[in-house]
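Peer 1: Take this structure first; my questions come after.
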Amino acid sequence: MQSVKINDIKEFTAEKFMKKVPLETDKIVFNTFYFKQRQLLPFHKHPATDEMFYIVEGIGEFTVGGEQIIVGPTSAVYGPAGTFHGLVNSGDKDMIVISVQGPKPVETVFAENATYICPVCKQEVILKDGAKEGDKVVCPRCQAKLTISKTKDGKWDAKQ
């Protein structure tokens with residue numbers, strides 16, 4: 028039997044979120060993610076793999092496809108195969124997240140230029156899938172009403 032205690036493998040880094048894979052089989056993968064404030068899991072998808080997320084500690088903004096929600100302890104989120112998803116620790120404490128993937132992923136595709144920086148609170152925010160120039164958005168951290176546009180180098184910008 029394989030077993031793991033999440034608190035025994037807990038590790039946070041200042042540079043970016045930490046991902047650990049304490050358990051896996053040839054069919055499924057059990058992941059743990061550790062986020063400091065404002066760290067994010069980039070917008071990505073697994074073409075043939077479903078992923079379930081469970082928030083153990085902390086508060087964040089979860090984006091799946093074109094939907095965004097605020098999640099906290101005991102929240103669970105489903106990321107269907109082939110759908111872009113991402114997570115930002117938008118709270119003021121560390122965040123711990125568990126995910127289970129099945130079937131075991133063979134490919135991960137990352138979205139390019141899928142975030143903007145809120146000019147009010149400086150939070151990096153994941154855009155909804157299909158975002159367009161001129162869209163109105165609300166920062167999940169500070170609730171600022173913003174308009175997004177593309178910069179000359181193709182990145183997203185937000186203004187009040």
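Quick note, the sequence shown lines up with residues 28 to 187 if you use the numbering used here.
Glycine included, each C-beta is placed from N, C-alpha and C at the ideal position.
Going residue by residue through the region 72-111, where are the continuous beta strand (DSSP E) segments of at least 3 residues, counting only ones entirely within it?
Peer 2: Qualifying beta strand (DSSP E) stretches, in chain order: 77-84, 87-91, 94-98 and 103-106.
Peer 1: Return the bridge partner residues of E151 from the DSSP annotation.
Peer 2: Taking the first residue of the sequence shown as 1, we reach residue 151 at position 124. The partner list for E151 (beta bridge, DSSP) reads I144.
Peer 1: Can you give me the start and stop residues for the beta strand (DSSP E) that A185 sits inside?
Peer 2: For the purposes of this step, residue 185 is identified with residue 158 of the sequence shown, where counting begins at 1. Per DSSP, A185 belongs to the beta strand (DSSP E) from W183 to K186.
Peer 1: Bridge partners for Q128 per DSSP, in chain order?
Peer 2: Residue numbering aside, residue 128 sits at position 101 when the sequence shown is read from its first letter. Answer is V56 and E78, bridged to Q128.
Peer 1: Excluding the five sequence neighbours on either side, which residues of its own chain have a C-beta within less than 7 Å of the C-beta of G181, listed in chain order?
Peer 2: Taking the first residue of the sequence shown as position 1, residue 181 is located at position 154. Closer than 7 Å at Cβ, skipping near neighbours: N140.
Peer 1: How far does the beta strand (DSSP E) with V164 in it reach, from first residue to last?
Peer 2: Numbered from 1 along the sequence shown, position 137 holds the residue referred to as residue 164. Segment K163 to V165, the beta strand (DSSP E) holding V164.
Peer 1: Buried or exposed for V91, please, with buried defined as at least 16 other CB atoms from any protein chain shown within 10 angstroms of its CB.
Peer 2: Numbered from its first residue, the sequence shown carries residue 91 at position 64. When all chains shown are included, V91 counts as buried.
Peer 1: Tell me which residues share the same chain as E51 and place their Cβ nearer than 8 Å to its Cβ, disregarding the 5 neighbours each side in the sequence.
Peer 2: Numbered from 1 along the sequence shown, position 24 holds the residue referred to as residue 51. Cβ within range, chain order: F57 and K131.
Peer 1: Could you tell me whether the Cβ atoms of F62 and D121 are closer together than 8 Å?
Peer 2: Position 35 of the sequence shown, counting from 1, holds the residue named residue 62. Position 94 of the sequence shown, counting from 1, holds the residue named residue 121. In contact: F62 and D121 (Cβ atoms closer than 8 Å).
Peer 1: Do K72 and F111 come within 8 Å of each other at the CB atom, strictly closer than that value?
Peer 2: The residue you call residue 111 lines up with position 84 of the sequence shown. The residue you call residue 72 lines up with position 45 of the sequence shown. Against a cut-off of 8 Å, the Cβ pair of K72 and F111 comes out as a contact.
Peer 1: Kindly indicate which residue of N116, A75 and I175 has the alpha-carbon position closest to the one of E134.
Peer 2: Within the sequence shown, residue 134 is the residue found at index 107, counting from 1. Out of N116, A75 and I175, A75 has the C-alpha closest to the C-alpha of E134.
Peer 1: Which residue wins for smallest C-alpha separation from S30, given the options E42, F39, T40 and V48?
Peer 2: In the sequence shown, counting from the first residue as 1, residue 30 sits at position 3. Taking only the C-alpha atoms, the option nearest S30 is V48.
Peer 1: Given a cut-off of 8 Å, decide if I175 and E198 are closer than it, judged by their beta-carbon atoms.
Peer 2: Since the displayed the chain opens at 28 and closes at 187, residue 198 lies outside it and no answer follows.
Peer 1: Just curious, the beta strand (DSSP E) that M45 is in, first and last residue?
Peer 2: Translated into positions along the sequence shown, residue 45 becomes position 18. Its beta strand (DSSP E) spans residues M45 to E51.
Peer 1: Counting only the same chain and skipping the five closest in sequence on each side, list residues whose C-beta sits under 8 Å from that of A171.
Peer 2: Taking the first residue of the sequence shown as 1, we reach residue 171 at position 144. So the list reads C145, P146, V147, C148, V165 and Q187, once near-sequence residues are dropped.
Peer 1: Whose C-alpha, out of E94, G106 and V127, is nearest the C-alpha of I153?
Peer 2: In the sequence shown, residue 153 corresponds to position 126, counting from 1. Taking only the C-alpha atoms, the option nearest I153 is E94.
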